[in-house]
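A short write-up of the structure that comes next.
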Amino acid sequence: MTSSDVHRSGFACFVGRPNAGKSTLTNSLVGSKVAITSSKPQTTRHAIRGIVHRPDAQLIIVDTPGLHRPRTLLGRRLNDLVYETWSEVDVVGFCVPADQKIGPGDRFIAEQLKKVARRTPVLGIVTKTDLVPRERVAQQLLALQEVMDFAELVPVSAVESFQVDVLSDLLVQQLPEGPQLYPDGELTDEPETTLIAELIREAALEGVRDELPHSLAVTIEEMVPREGRDDLVDVHAVVYVERPSQKSIVIGKGGERLRAVGTQARKHIQALLGSKIYLDLHVKVAKDWQRDPRQLRKLGF
């Protein structure tokens, strides 16, 4: 077998503080929306796996929640999920946005990554390079280099697809030789209901005040084809919040806000399922669910 015939397969994960561009980068590499994105920090709550199919490799990217100092039981569980993912992948990408100075949060993550780097290669990735001039990107690369020893350093812009292919090559180089792990055409191993719940949560996050995002959770109660119709799926979902005042924010005046959420989410869900859907949305209060182990389990954490 020649080197050009070698097929590699394995797992990579992106880590970084909240809102470092990890989910947008995952979607860009996969070529499809598998992870929700939002300007709100700590949007990602599951380790979403996106699958990149190449002739020479299959790269499975695990998009993890942002590592942060937790203030709730949910926060601690999300951090545990990040550490667990690091220990299981073949290569780690540490994402730092080009438009923000490297701060204590980044250094904290780097200290944790140094333990991983003894056995797993870590790539330094400067994200969001489209937001700053080239000199600023160069400065950020130099600053990142000071934080720890990386196997590779690469600047990227998922929005402009700048060097996304280069990053893909660098990640693949670190994977072991092996056959495909997933069938051709599969873009994620997440259940459809999880992706649909995430798309609804993404729509609900748009335009809400800063204190609300962490209090939002979505469950799919039922998803069934409409009786007598093969072109329509009924989706019944519940948006959970922690307080009655938050419920009124999500619903909006006369239900206007919730209708807008439904319209936006429906568009993305239809694209995902390739079918028309009827989306039935309700909002319920689950008091302080982020701190309650029983309610966290019920909501899938």
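Just so we're aligned, residue 0 is where the sequence shown starts under numbering that gives the first Met the number 0, counting upward by one. Just so you know, even glycine gets a beta-carbon here, dropped at the ideal spot from N, CA and C. Bear in mind the structure is a predicted one, so any value in this text is a computation, not a measurement.
Looking at C-alpha atoms only, which residue of the options is the closest neighbour of residue i?
i	options	result
F149	L194, K127, P132 and V115	V115
H52	S22, H6 and D62	H6
I276	P224, A285, V238 and L295	P224
V238	I195, L231, D230 and Q269	I195
A216	E110, L298, V163 and K100	L298
P292	L72, R106 and V29	L72
L280	A202, L112 and C12	A202
Q57	P17, I219 and S167	S167
A285	V240, G253, I248 and Q269	V240
G102	E145, D287 and K113	E145
Distance, Cα to Cα, residue i vs residue j?
i	j	result
I59	V91	12 Å
R296	F10	27 Å
V14	R228	43 Å
H235	E255	19 Å
L77	S214	14 Å
K266	R290	33 Å
T193	P54	29 Å
V61	R48	4 Å
Q138	G104	19 Å
According to DSSP, is residue i helix, strand or coil?
i	result
K266	helix
R44	The predicted model places R44 with a pLDDT of 41, which falls under 50 and marks its position as unreliable; any figure quoted below should be read in that light. Looking at R44 - three-state DSSP - the assignment turns out to be coil, as it is neither helix nor strand.
R296	helix
D287	coil
P154	strand
K243	Per the sequence shown, the amino acid found at residue 243 is Pro instead of Lys. Helix.
E226	coil
S8	strand
Return the Cβ separation of residue i and residue j in integer angstroms, given the expectation that the two are a contact with Cβ distance under 8 Å.
i	j	result
L278	G261	5 Å
L152	L170	Contact flag wrong, Cβ pair sits at about 13 Å.
L198	A259	Contact flag wrong, Cβ pair sits at about 14 Å.
If you pair each beta-carbon of the stretch 117 to 124 with each one of the stretch 75 to 83, do three or more pairs fall below 8 Å?
no
Could you tell me whether the stretch 236 to 248 touches the stretch 164 to 184, using the rule of 3 or more Cβ pairs below 8 Å?
no
If we count Cβ pairs, one from each stretch, closer than 8 Å, do we get three or more for the stretch 126 to 140 versus the stretch 152 to 169?
yes
Touch check for the stretch 159 to 168 and the stretch 18 to 28: three-plus C-beta pairs under 8 Å?
yes
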